Each structure stands twice: as C-alpha cells, then as structure tokens.
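For the sequence shown, the positions run 88 to 256 when this note's numbering is used. All C-beta atoms, glycine included, are put in the ideal place defined by N, C-alpha and C. Just so it is clear, the structure is predicted and the values come from calculations on it, not from any experiment.
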Amino acid sequence: MPVPVIMVAAMAHNRVIGVDNGLPWRMRSDLKQFRAATMGKPLIMGRKTYQSIGRPLPGRRTIVVTRDKAFAAEGVEVADGLETALTRGQEIAAEMGADAVVVAGGAAIYAQALAKADGLLLTELDLEAKGDAVFPAVSPTEWLEVSRVAFPRGEGDDASFEVVTWQRR
C-alpha cells in the first residue's frame with residue numbers, strides 16, 4: 088500500500104514562497120520544523136529548488152525533478168517528471184520504512200503535485216513578502232484543516248508563524 092504524499096512549504100500571507108530562487112525571509116525555527124517533518128523520508132523537489140539548497144539534505148533521500156537530461160548531482164536521484172519522482176519516492180519510502188513521501192518545492196512542482204497530495208504541512212508566516220514564486224491556493228472544498236499550532240518569533244526568525252496540517256477531504 089502506498090504511503091501518503093505530503094507537501095511541505097512555508098509561505099507568507101500572500102502565499103509567496105520564494106524570490107529569485109531563494110527564500111525572502113530568515114526563519115531558523117521553521118527550518119527546524121522542516122527538518123523534523125522530512126527526516127528519514129524521500130524528498131522530491133525541482134531542480135531550481137535543489138540548486139538553491141546546493142546539496143542533498145542529510146538523513147533524507149532526494150529526488151530532483153528536471154527536464155534537463157544533462158543534470159546530475161552527487162547524492163541525488165534525477166527524475167524526468169513528477170510522476171516518475173512520485174513512483175520512485177514510493178519505492179524509496181518502502182526501502183527506508185518511511186511513513187510519507189515529501190514534496191518540497193518549488194512553485195511549479197507544488198502546482199503539479201497538489202492534485203496528487205494526501206496532506207499538506209504548511210508554515211504560515213506572519214508577514215507579507217515580495218516574491219516571484221507562490222504556493223497554489225488550498226481549496227476548503229478539497230482540503231480539511233486538522234491542526235494549527237502557533238509559534239512565537241524566535242531567535243533568527245523574521246516573524247512568528249503557525250504550522251497548519253491539512254488532509255484531503
């Protein structure tokens with residue numbers, strides 16, 4: 088039986104998730120949340136997102152989605168599309184004993200994956216941001232909010248935030 092596919096993202100009030108292939112904020116506390124949510128799981132991301140990070144994240148198996156047939160990076164697998172990445176993610180989850188396959192961006196990958204995801208783990212930052220990448224709209228007819236946990240602004244954070252968990256209806 089396949090494990091759930093969850094999308095993990097941080098976004099501003101206006102759904103901005105990035106600018107110039109980077110993050111438009113500093114959120115050390117949210118990076119800890121991301122690490123905890125993704126550790127020990129297969130992680131699917133687009134090439135630009137991977138390149139903005141610059142390396143495979145420890146404790147996770149990274150699958151990079153790209154149409155660039157020449158793209159290769161040490162320590163990651165490459166998939167030519169989201170479907171291929173999701174299939175491989177399920178295989179890796181079984182090998183690792185993981186309880187989910189995580190989709191971790193960017194905007195184009197999130198837009199494609201939203202219809203295939205079983206859950207969303209969204210960090211809603213208490214700020215407006217200027218950016219060129221946005222998270223797709225979450226429809227309340229398709230998604231049910233199951234939890235919301237507030238976190239104060241911590242050291243190394245540009246804002247307070249809430250971590251919201253959604254399940255597909």
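Residue i burial status per 10 Å Cβ neighbour count (16 or more: buried)
| i | result |
| --- | --- |
| Thr-136 | buried |
| Glu-211 | buried |
| Met-88 | exposed |
Beta-carbon gap between residue i and residue j smaller than 9 Å
| i | j | result |
| --- | --- | --- |
| Val-165 | Pro-143 | no |
| Met-114 | Ala-97 | yes |
| Asp-245 | Val-90 | no |
| Ala-200 | Leu-231 | no |
| Ala-172 | Ile-140 | no |
| Pro-227 | Ala-198 | no |
| Val-190 | Ala-180 | no |
Residue i versus residue j: straight-line alpha-carbon distance, rounded
| i | j | result |
| --- | --- | --- |
| Ala-194 | Val-221 | 6 Å |
| Glu-229 | Val-92 | 15 Å |
| Ser-116 | Lys-203 | 28 Å |
| Arg-235 | Leu-207 | 12 Å |
| Val-225 | Ala-157 | 34 Å |
| Ala-124 | Glu-215 | 24 Å |
| Ile-104 | Arg-175 | 26 Å |
| Arg-122 | Arg-255 | 23 Å |
| Arg-148 | Pro-111 | 26 Å |
| Gly-109 | Lys-217 | 12 Å |
| Lys-119 | Gly-243 | 11 Å |
| Gly-184 | Asp-205 | 18 Å |
| Ala-160 | Gln-177 | 21 Å |
| His-100 | Asp-167 | 32 Å |
| Met-94 | Leu-209 | 8 Å |
| Arg-102 | Asp-155 | 28 Å |
Sequence-distant residues of the same chain with beta carbon closer than 8 Å to residue i, five excluded per side
| i | result |
| --- | --- |
| Gly-133 | Val-151, Val-152, Thr-153, Gly-192, Gly-193, Ala-195 and Ile-196 |
| Asp-107 | Asp-219 |
| Gly-241 | Arg-115 and Ser-116 |
Reduced DSSP category for residue i - H, G, I as helix; E, B as strand; rest coil
| i | result |
| --- | --- |
| Ser-257 | No statement about residue 257 is possible, as the shown extent of the chain runs from 88 to 256 and does not include it. |
| Met-257 | With the chain covering 88 to 256 only, the question about residue 257 has no answer from this structure. |
| Phe-158 | coil |
| Asp-244 | strand |
| Gly-176 | helix |
| Ala-166 | strand |
| Met-183 | helix |
Neighbourhood of residue i by C-beta, 6 Å cutoff - its chain only, sequence neighbours within 5 removed
| i | result |
| --- | --- |
| Pro-239 | Ser-247 |
| Glu-249 | Glu-211, Arg-235 and Ala-237 |
| Trp-253 | Leu-207, Trp-230 and Glu-232 |
| Gln-138 | none |
Nonlocal neighbours in the same chain, by C-beta distance under 7 Å from residue i, ignoring five residues either side
| i | result |
| --- | --- |
| Gly-146 | Met-126 and Gly-127 |
| Asp-213 | Ala-246, Ser-247 and Phe-248 |
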